[in-house]
Amino acid sequence: MEQAHNTENDGGNDKRKRDERRLFLFLVIFLFPILAVAVVGGYGFIVWMSQLILGPPGPPA
């Protein structure tokens with residue numbers, strides 16, 4: 002009886018490890034690169050819009 006219980010736990014543990022590995026790969030391969038591009042692109046857009054409104058950086062001509 003006890004061995005059957007351990008086998009069920011091991012199967013659930015393997016599924017959890019597999020799910021955790023899938024989540025890790027999703028985060029590393031897809032989510033973090035997309036977020037990095039979005040953050041850098043958003044910062045560039047803010048700088049571009051501020052230069053359109055306020056003018057380029059440097060002393061006034």
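One point on numbering: in this note's numbering, the residue at position 32 of the sequence shown is 33, and numbering is uninterrupted. Yeah, the Cβ is synthetic: ideal placement off N, Cα and C, and Gly gets one too.
In the structure shown, residue 12 falls within a helical segment according to DSSP collapsed to helix, strand and coil. Across the structure, residue 51 and residue 57 are spaced so that their CA atoms are roughly 9 Å apart. For residue 61, no alpha helix (DSSP H) run applies, since DSSP gives it neither H nor E.
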